[in-house]
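Engineer: Take the sequence shown: its position 172, counted from the start at 1, is 172 in the UniProt record's numbering, and no numbers get skipped. Have a look at this one.
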Amino acid sequence: MHAHRAALLHCLADPREVGIEQSYQYFEDGLLLVEDGKVAQIGDAASLLPTLPAGVEVVEYHDALIVPGFVDTHIHYPQVDVIASYGTQLLEWLETYTFPAEGRFVDPEHARAQARFFLEELLRNGTTTALVFATVHPQSVDAFFEEASRLDLRMIAGKVLMDRNAPDYLRDDAASGYDESKTLIERWHGKGRLHYAVTPRFAPTSTPEQLELAGRLLREYPGLYLHTHLSENRAEIDWVKELFPERKHYLDVYDHYRLLGARSVFAHGIHLCDDECRRLGESGSAVAFCPTSNLFLGSGLFDLARLEGHGVRVGLGTDVGGGTSFSQLQSLNEAYKVLQLQGQQLDPFKALYLATLGGARALYLDEQIGNLQPGKDADFVVLDYRATPLLARRLKQARSLEEKLFALTILGDDRAVKETFAAGRSVHRRES
Ligand SMILES: [Zn+2]
């Protein structure tokens, strides 16, 4: 058993559903008890300290706030090296930068080195769970899961399915994509804290046969995820219309192949019609809101109020390398601005919810992660109020928790993450 003493904050519910006051729990001087990788107890230090068994080590953090590990509902591990690539929108960006970078993952040693760097970067930014695109190569998934299991992380990933409209070196075919996915599912799905996602890149790069087989995989193995892109960019949407003229809209392509439902996660969902929003909501599907990517690639503004109004589960995604930061704090900074431009306000507690429990709900993992309730995985982050001179100065003048939290999301990034824990173990400590 270990004990961590600091200010503690976690979400209990969506502020939209229960009101802000009821949506979180905060302990100014809190204690978090961890046993066997799970949260054993959380509460006021004053009341919990006297109950600790003899010999339990208490680690104290000053000027710090413990929050649950961040959840990233959409990211590409093979795209680390194309982050910050200049001058294009989605389709040209894929051709120019992304496909060549993904081609290199045919080499398992390259994949392993990239997976290692990627996971370190996630942890440096306080992200303990992510829904991750690999490449079309099965070895890219093996490398990722091997590295994730070494750190005992809760991660979701899958081999990209892509059998048309992509360079030869990145194409599978419907049958090989299905067979390779099956092998990977049997090897990795449910092993430790790992989950598998059936991962068609997006409708334009899969034939109807491949989408059909993706649906079959979902029905053959319970608990799988479906991870793809939806309605990110206008030219992409026109292309989907050309390729699938018989479908009533973009989402209907996925719906037709029975790819919607619990644990289906669609990245972006920017230019949706009402019918698409309604189907996403009623099917229990989730959408990943990826503000840094949507702004960087000039894709558009995500309408959070509209999606939530249709009962759609929404998580926060970085979408690296279309996104420009691994940091969910920076994603929240940009999310705030994206919503400001549409006359919506992102309350700081709602922001924390999106980056933690909301993401867990979008992934149907809120029984395991997302907050620090006893019994959940002990995945948490120690945020440093003094990470930078500017942050320290601003927080010193904050009069409320709300004000502190807001400043953390606007000014914070990987420097604000002092230490990251996964299953109770320290997996990243910032060098000071
Ligand atoms: Zn993406």
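Note that beta-carbon positions come from the ideal geometry of N, C-alpha and C, so glycine has one too.
Beta strand (DSSP E) containing Pro291: first to last residue?
Structural biologist: Here residue 291 is taken as the residue at index 291 of the sequence shown, counted from 1. Element bounds for Pro291: not the beta strand (DSSP E) but the alpha helix (DSSP H), Pro291 to Phe296.
Engineer: Who are the near neighbours of Asp29 in its chain, counting only those whose CB is closer than 6 Å to its CB and skipping five residues on each side?
Structural biologist: Counting from one through the sequence shown, the residue named residue 29 turns up at place 29. Here the set comprises Ala45.
Engineer: With DSSP as the reference, label Cys11 as helix, strand or coil.
Structural biologist: The count along the sequence shown starts at 1 and reaches residue 11 at position 11. Reduced to three states, the DSSP call for Cys11 is strand.
Engineer: Looking at the unbroken alpha helix (DSSP H) that takes in Arg279, where does it start and where does it end?
Structural biologist: Taking the sequence shown and counting its residues from 1, one reaches residue 279 at position 279. Segment Asp274 to Ser283, the alpha helix (DSSP H) holding Arg279.
Engineer: What's the C-alpha gap between Leu8 and Phe380?
Structural biologist: Locating residue 8 in the sequence shown gives position 8, where the first residue counts as 1. Locating residue 380 in the sequence shown gives position 380, where the first residue counts as 1. If you take the alpha carbons of Leu8 and Phe380, they lie about 10 Å apart.
Engineer: Going by beta-carbon coordinates alone, are Leu341 and Gln89 separated by less than 8 Å?
Structural biologist: Counting from 1 along the sequence shown, the entry for residue 341 is found at position 341. Counting from 1 along the sequence shown, the entry for residue 89 is found at position 89. Going by C-beta atoms, Leu341 is not nearer than 8 Å to Gln89.
Engineer: Give me every residue whose Cβ sits closer than 6 Å to any heavy atom of ligand 1, in chain order.
Structural biologist: His74, His76, His229, Ala267, Asp319 and Gly322
Engineer: By alpha-carbon positions, which one of Ala286, Lys350, Ala351 and Arg216 ends up nearest to Leu365?
Structural biologist: Translated into the one-based positions of the sequence shown, residue 365 becomes position 365. Of the candidates Ala286, Lys350, Ala351 and Arg216, the one whose C-alpha sits nearest the C-alpha of Leu365 is Ala286.
Engineer: On the three-pair Cβ rule with 8 Å, is the stretch 52-63 touching the stretch 363-378?
Structural biologist: no
Engineer: Return the residue from the list Glu146, Ala214 and Arg171 that minimises the CA-CA distance to Tyr178.
Structural biologist: For the purposes of this step, residue 178 is taken as residue 178 along the sequence shown, with counting starting at 1. Taking each of Glu146, Ala214 and Arg171 in turn and checking the Cα distance to Tyr178, the smallest one comes out for Ala214.
Engineer: Going residue by residue through the stretch 149-233, where are the continuous alpha helix (DSSP H) segments of at least 4 residues, counting only ones entirely within it?
Structural biologist: 174-188 and 208-220
Engineer: Can you tell me whether DSSP reads Tyr254 as helix, strand or coil?
Structural biologist: Your numbering for residue 254 matches position 254 in the sequence shown. Helix, per DSSP.
Engineer: Three or more C-beta pairs closer than 8 Å, one from the stretch 143-158 and one from the stretch 111-127: is that the case here?
Structural biologist: Note that the stretch 143-158 touches the stretch 111-127; at least 3 beta-carbon pairs, one per stretch, sit closer than 8 Å.
Engineer: Within the chosen definition, does the stretch 314-323 reach the stretch 344-364 through at least 3 CB pairs nearer than 8 Å?
Structural biologist: Pairwise C-beta distances place the stretch 314-323 in contact with the stretch 344-364, as three or more of them are shorter than 8 Å.
Engineer: How close, in whole Å, do the beta carbons of Leu405 and Leu352 come, if the pair is a contact with beta carbons under 8 Å?
Structural biologist: Within the sequence shown, numbered from 1, the residue matching residue 405 stands at position 405. Within the sequence shown, numbered from 1, the residue matching residue 352 stands at position 352. Right, the Cβ-Cβ distance comes to about 6 Å (below 8 Å), so this counts as a contact.
Engineer: Rounded to the nearest angstrom, what separates His74 and Ile156 at their Cα positions?
Structural biologist: Counting from 1 along the sequence shown, the entry for residue 74 is found at position 74. Counting from 1 along the sequence shown, the entry for residue 156 is found at position 156. Cα to Cα, the separation comes out at about 10 Å.
Engineer: Measuring CB atoms only, is the stretch 239-254 touching the stretch 289-309, in the sense that at least three cross pairs come out at less than 8 Å?
Structural biologist: By the Cβ rule, the stretch 239-254 does not count as touching the stretch 289-309, because fewer than three pairs are nearer than 8 Å.
Engineer: Any contact of the stretch 154-173 with the stretch 90-106, i.e. 3+ C-beta pairs under 8 Å?
Structural biologist: Touching, per the Cβ criterion.
Engineer: Nearest to Leu411 by alpha carbon, out of Asp142, His195 and Ser331?
Structural biologist: Walking along the sequence shown from the start, residue 411 turns up at place 411. The residue with the shortest Cα to Cα distance from Leu411 is Ser331.
Engineer: Counting pairs of Cβ atoms below 8 Å between the stretch 301-312 and the stretch 260-275, do you hit three or more?
Structural biologist: The stretch 301-312 makes contact with the stretch 260-275; the number of CB pairs closer than 8 Å reaches 3 or more.
Engineer: Give the secondary structure of Gly43 by DSSP, where H, G and I count as helix, E and B as strand, and everything else as coil.
Structural biologist: The sequence position of residue 43 within the sequence shown is 43, counting from 1. In the three-state scheme derived from DSSP, where H, G and I count as helix and E and B as strand, Gly43 is classed as strand.
Engineer: What does His428 pair with, by DSSP beta-bridge criteria?
Structural biologist: Within the sequence shown, residue 428 is the residue found at index 428, counting from 1. In the DSSP output, where bridge partners are listed per residue, His428 has Thr420.
Engineer: Short of 6 Å in beta carbon distance, which residues of its chain neighbour Ala203, apart from the five on each side in sequence? Order them along the chain.
Structural biologist: The count along the sequence shown starts at 1 and reaches residue 203 at position 203. Closer than 6 Å at Cβ, skipping near neighbours: Val240 and Val253.
Engineer: For Ala355, verify whether its CB is less than 7 Å away from any heavy atom of ligand 2.
Structural biologist: With respect to ligand 2, the structure shown offers nothing to examine, as its ligands consist of ligand 1.
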